[in-house]
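Engineer: Heads up: take any position in the sequence shown, counting from 1, add 502, and you land on my numbering. C-beta atoms are modelled at their ideal positions from N, C-alpha and C, and glycine is treated no differently. Remember, it's a predicted structure, so these values are computed and weren't measured experimentally.
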Amino acid sequence: MDAALLLATIQATIAKLDEPAETPVAMAQIIADARFLLTRVAANAVKENRAPVTFTCEYCGYEKTEEHGPGQLPRYCAACYPEAQRSLNRQRVKAHRARQKTAEASPVALGATERQSSLCAKSSASRL
Ligand SMILES: [Zn+2]
Numbered sequence: 503m504d505a506a507l508l509l510a511t512i513q514a515t516i517a518k519l520d521e522p523a524e525t526p527v528a529m530a531q532i533i534a535d536a537r538f539l540l541t542r543v544a545a546n547a548v549k550e551n552r553a554p555v556t557f558t559c560e561y562c563g564y565e566k567t568e569e570h571g572p573g574q575l576p577r578y579c580a581a582c583y584p585e586a587q588r589s590l591n592r593q594r595v596k597a598h599r600a601r602q603k604t605a606e607a608s609p610v611a612l613g614a615t616e617r618q619s620s621l622c623a624k625s626s627a628s629r630l
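1. Let me know the secondary structure DSSP gives PRO584 once reduced to three states.
2. Since THR567 is in the beta strand (DSSP E), which residue starts that stretch and which ends it?
3. Does DSSP put PRO576 in a helix, a strand or coil?
4. Output the boundary residues of the beta strand (DSSP E) element that contains PRO554.
5. Span of the alpha helix (DSSP H) holding ASP520?
6. Let me know if TYR578 comes out buried or exposed under the rule of 16 or more other beta-carbons within 10 Å of its beta-carbon.
7. On the three-pair Cβ rule with 8 Å, is the stretch 579 to 596 touching the stretch 549 to 566?
8. Tell me whether GLU524 sits in a helix, a strand or coil according to DSSP, three-state version.
9. In this structure, how does DSSP classify SER589 when only helix, strand and coil are distinguished?
10. If contacts are defined as beta-carbon pairs under 8 Å, then ILE532 and ALA523 qualify, I think. What distance do you get, rounded to the angstrom?
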């Protein structure tokens, strides 16, 4: 969405907000539209504030200069980012499997495993 269209859509939505909505569903739709437009405005603001930043990639170790929005410096360069994410996932899965294996191997730790799995179930349920 370009800036002119975004502005026109925002003005139309503001006009709708000033009039009483016919139904609660219509009001909810106007609020949803306003919410969506705000996210677009925020995304455009980040895009406009992009500037070249120089940082050292933690994956390849090279100093890189890339365009980034305001905020924390990136940890990985654009070229390394997908591979760095995969590598972190592999490490996390490996550590998780190692923990599962040691818990299965030692009967003393069974209580801990049961507690862990109930915690896992709880945390995955809260994520839903
Ligand atoms: Zn890199």
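Structural biologist: In short, the structure shows the following:
1. If DSSP states are grouped into helix, strand and coil, PRO584 belongs with the helices.
2. Here the beta strand (DSSP E) through THR567 covers 565 to 570.
3. The three-state secondary structure of PRO576, taken from DSSP, is coil.
4. Per DSSP, the continuous beta strand (DSSP E) segment holding PRO554 begins and ends at 553 to 558.
5. Counting along the chain, the alpha helix (DSSP H) containing ASP520 begins and ends at 505 to 520.
6. TYR578 comes out buried.
7. Enough Cβ pairs lie closer than 8 Å, so yes.
8. Coil at GLU524, not helix or strand.
9. Shown here, SER589 sits in a helix according to DSSP, grouped into three states.
10. Sure, about 6 Å apart at Cβ, within 8 Å.
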